[in-house]
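What follows is one structure encoded as structure tokens, with my remarks underneath.
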Amino acid sequence: MKLEDIKAGEIVTEKVIINPAWCKGCGICVAFCPTKALELKNDKAVLADVDKCIQCGACELRCPDYAIYLGRKKNEKQG
Amino acid sequence: MKSRVRLMQGNEACVEGAIAAGMRFYAGYPITPSTEIAELSAEKLPLVGGRFMQMEDEIGGMAAIIGASLAGAKSMTATSGPGFSLKQENIGYATIAEVPCVIVNVQRGGPSTGMPTSPAQGEIMQARWGTHGDHPVIALTPSSVRETFDLTIKAFNMAEKYRTPVILLMDEVIGHMREKVQLPDPSELEIVERKRPDCSSEEYLPYKADYDLVPPMADFGTGYRYHVTGLVHDETGFPSNNAEVADKLIRRLSNKIEMHRDEIESWEEENTEDAEIIILSYGCVARASKSAMNILRSKGIKVGTFRPISIWPFPERRLRELSLRVKTIVVPEMNLGQLVLEVERICGCNTIIEKLNKVSCEIIYPEEIVRKIEEVL
Amino acid sequence: MPSELVENYFRTEKLPQIWCPGCGHGTITRSIVSAIDKSGLDKNKVCIVSGIGCSSRAPGYLDFNTLHTTHGRALAFATGIKMAKPDINVIVIMGDGDSTAIGGNHLIHACRRNIGITAIVYNNSIYGMTGGQYSPTTPKYDKGTTAPYGNIDKAFDICNLAASAGATYVGRATAYHANLLTSLVQNALNNDGFSLIEAISICPTYYGRKNKRGTAVNMMEWQKNNAVNISAAAKLSPEALEGKLLIGELKNSPEPEYTNEYQKIIDRLKKERQ
């Protein structure tokens, strides 16, 4: 997935992509992130600590609104 | 060439007509006096590569034929009063989703369980307004075994042409009687197929109507991935709460039939050129009216008959014309007066309307019509 | 730009869905789509049918042949599609009320016929769309707007109901166990006959609030802590299983599929007339 495809307004981080337009602030991703890398900021999920994120995909797996997903496949070389 | 003359039952003629029209799916549920339609469909469909389903109830039967039609198969179900009542919600679904299908109602004594093996004509208004909300209806009524064959084909052709459910209103007499019938050779029959899209799947709008107000219809599974719903929807087929979209859809659905009235309306009239009295009747009663007319004519009384074949939409224009030059219209029906309400609406101000109503679940005899006319002379 | 899975299989212009924040239906729908993806089905040959209710809005978001029918009748519509065109993969999405209340009669017969349909029941134990009435799967003594003093009905066990009615593949998972749900749906799609998957969903807005189950997160944590896979359950004592939710593959006994059996009749008749 090429980064330049990403629409304006999307919070872009290499590891995880969050689309605030679709996020309803339910907190499921935050609660079930094994390394507590996510948090809710004014009712929207945000990646609080990028280093904690291990790209396990638990957030993408259970997000009811598909508003969070892994930015790059785990098996691809980072960077 | 093997003669195609046969002694045939009305219900059998319905199945023969359906298969000739291209029916390849039937789903229904046993109910007197229409069960023969299910039995013969079960027997004949696999012989032509078609499929038969006996569903768990009439609601399921109506749902299944809509599903099959969406998958591209011409589909039919048959029932009688109680089942016709159960099917109403899904008939409404087929109407708003514009899914071609044929629903046969072989009318029997009602209401409720009524008199299952006896004839009646109690679902005229249910055929029109049975399902909720504003909606158009096409309902055809045969009065002979051969006509049942012809009208079943016509029902399928209209369903395909206008993307709509079509109701075939029979009664127990027509359904169960047997008559000598000369079936046409299949090559003589005009069979209509639904209009399918000729654009790419990306451009396809399942509910964008053409000039004839009928949208092209793609079969499920052929590459046109689209959405069908019973909710008010726009041209894309997706649900909409927009007032304008709703108004446009509901009006288009009705106008789609209204616009083609001339092709849909059909009736038969006899001796109306000089008639002073017209007997207006349909289904099995029309057979008695014919005899009554002949008896009265032999007595020098100028009687004609007018038989609506399309009950809905009713042949208004022609009846209005006739009403201007007759003294009386007599409407014998095997109910307490249903189609007569339309007659009164259409020409009650032009002429006298006389009702003859029989709800004993017996047929109306010619002598009863003759006596009625002699009374009102 | 959504994820690849969503981009490929969802009608993204229709997203986000109408479901409430934290509703499990979105998670369940994604698991189903993941199963379709992993099964490598041709999108043109997939038809998703639904009834009426929150769950039944799912097909509108999915890029397949989609059919949103009348309440309780999805399986009957789907039966017509499958019979008319057996090469279509027919998936039916229903709610708990949709499938076991008004749709109960069609459910048990679709199971009995073993017709090639994968039925997925989004079970949130409540009628959500109409505002929180109790349903045939609302636990006894729980509350709903139409059971203000506690529900005195006994709830259906949808999986046992389907299995005993004749379904040949039956499984249960929860919104939390999204991967298990995906594998169960894959197995169901693989089963020729009738498969029923019960997906325990989450309704924070009505069921959760009315029955004080906390937030969507709390309800999902309950699923995590109270569901026991049937393979593990065998080793646990009855006391340990008390109040636990049994998930996993509950029945897998393939039998001849309805449309195939009917095709045999057609073929036999053809041969006899040659």
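Residue numbers (the numbering used here), protein chains in the order written: chain U, 21 to 99; chain B, 13 to 389; chain S, 980 to 1253.
Each residue gets a CB set at the ideal place from its N, CA and C atoms; glycine is no exception.
Straight-line spacing of the CA atoms in S/LYS1064 and B/THR129 works out to 36 Å. Secondary structure of S/HIS1004 (DSSP, three-state): helix. Bounds of the alpha helix (DSSP H) holding B/LYS56 are 47–56.
Here S/GLY1019 is exposed, its C-beta having fewer than 16 other C-beta atoms within 10 Å. Within chain U, no residue has its CB atom less than 7 Å from the CB of S/VAL1100, the nearest being about 17 Å off. A Cβ-Cβ contact shorter than 7 Å links S/THR1049 with B/TYR105. Per the coordinates, the alpha-carbon of B/ALA287 lies some 17 Å from the alpha-carbon of B/TRP279.
Going by beta carbons, B/ALA171 and B/PRO112 fall inside the 7 Å limit. By the Cβ neighbour-count rule, B/ASN23 is buried, with 16 or more other Cβ atoms within 10 Å of its own. In the structure shown, B/GLU280 adopts extended strand secondary structure according to DSSP, grouped into three states. A residue is called buried when at least 16 other Cβ atoms come within 10 angstroms of its Cβ; S/VAL1071 meets this threshold and is buried. At a beta-carbon threshold of 7 Å, the residues of chain S lying near B/LEU82 are LEU1046, ILE1060, ordered along the chain. Contact annotation: S/ILE1226 and S/ARG1151 have beta-carbon atoms nearer than 7 Å. With a threshold of 7 Å between beta carbons, B/PHE232 makes contact with chain S. B/HIS144 counts as exposed, since fewer than 16 other C-beta atoms from the protein chains shown sit within 10 angstroms of its C-beta. Counting the other Cβ atoms within 10 Å of the Cβ of S/ILE997 gives fewer than 16, which makes it exposed. Residue contact check for S/ALA1144 against chain B: no CB pair falls below 7 Å. By the beta-carbon neighbour count (other beta carbons within 10 angstroms, threshold 16), S/SER1232 is exposed.
The continuous alpha helix (DSSP H) containing B/CYS26 extends over residues 22–33. With fewer than 16 neighbouring CB atoms inside 10 Å of its own CB, S/ASN1205 falls in the exposed class. Taking C-beta atoms as the reference points, S/LYS1119 and S/LYS1133 count as a pair closer than 7 Å. At a beta-carbon threshold of 9 Å, the residues of chain S lying near B/PRO251 are ARG1036, GLY1039, HIS1047, ordered along the chain.
Counting the other Cβ atoms within 10 Å of the Cβ of S/THR1184 gives 16 or more, which makes it buried. When Cβ-Cβ separations below 7 Å define contact, S/PRO1115 makes no contact with chain U. By the rule that beta-carbons nearer than 7 Å mark a contact, S/CYS1090 does not touch chain B. CA-CA distance, S/ARG1247 to S/ARG1091, rounds to 24 Å.
By the neighbour-count criterion, in which a residue is buried when 16 or more other Cβ atoms sit within 10 angstroms of its Cβ, B/ILE375 is buried.
Annotation for B/ARG190: the continuous beta strand (DSSP E) segment containing it runs 190–194.
Counted as a single uninterrupted DSSP element, the alpha helix (DSSP H) harbouring S/ASN1197 occupies residues 1195–1205. If you keep only unbroken beta strand (DSSP E) runs of at least 3 residues inside the stretch 34–98 of chain U, you get 36–38, 58–61, 64–67, 88–90.
Straight across, the Cα-Cα distance linking U/TYR89 with S/ILE1181 is about 21 Å. What B/LEU59 touches in chain S, judged by beta-carbon distance under 7 Å, is LEU1248, going in chain order. Nearest C-alpha to B/LEU180 among B/GLU214, B/ARG140, B/ARG190, B/ARG208: B/ARG140. When beta bridges are read from the DSSP output, S/SER1174 appears opposite S/THR1097, S/TYR1148.
Between the alpha carbons of S/ALA1142 and S/ASP1016 lies a gap of roughly 26 Å. Contact between the stretch 246–263 of chain B and the stretch 194–204 of chain B is absent, with fewer than three C-beta pairs closer than 8 Å.
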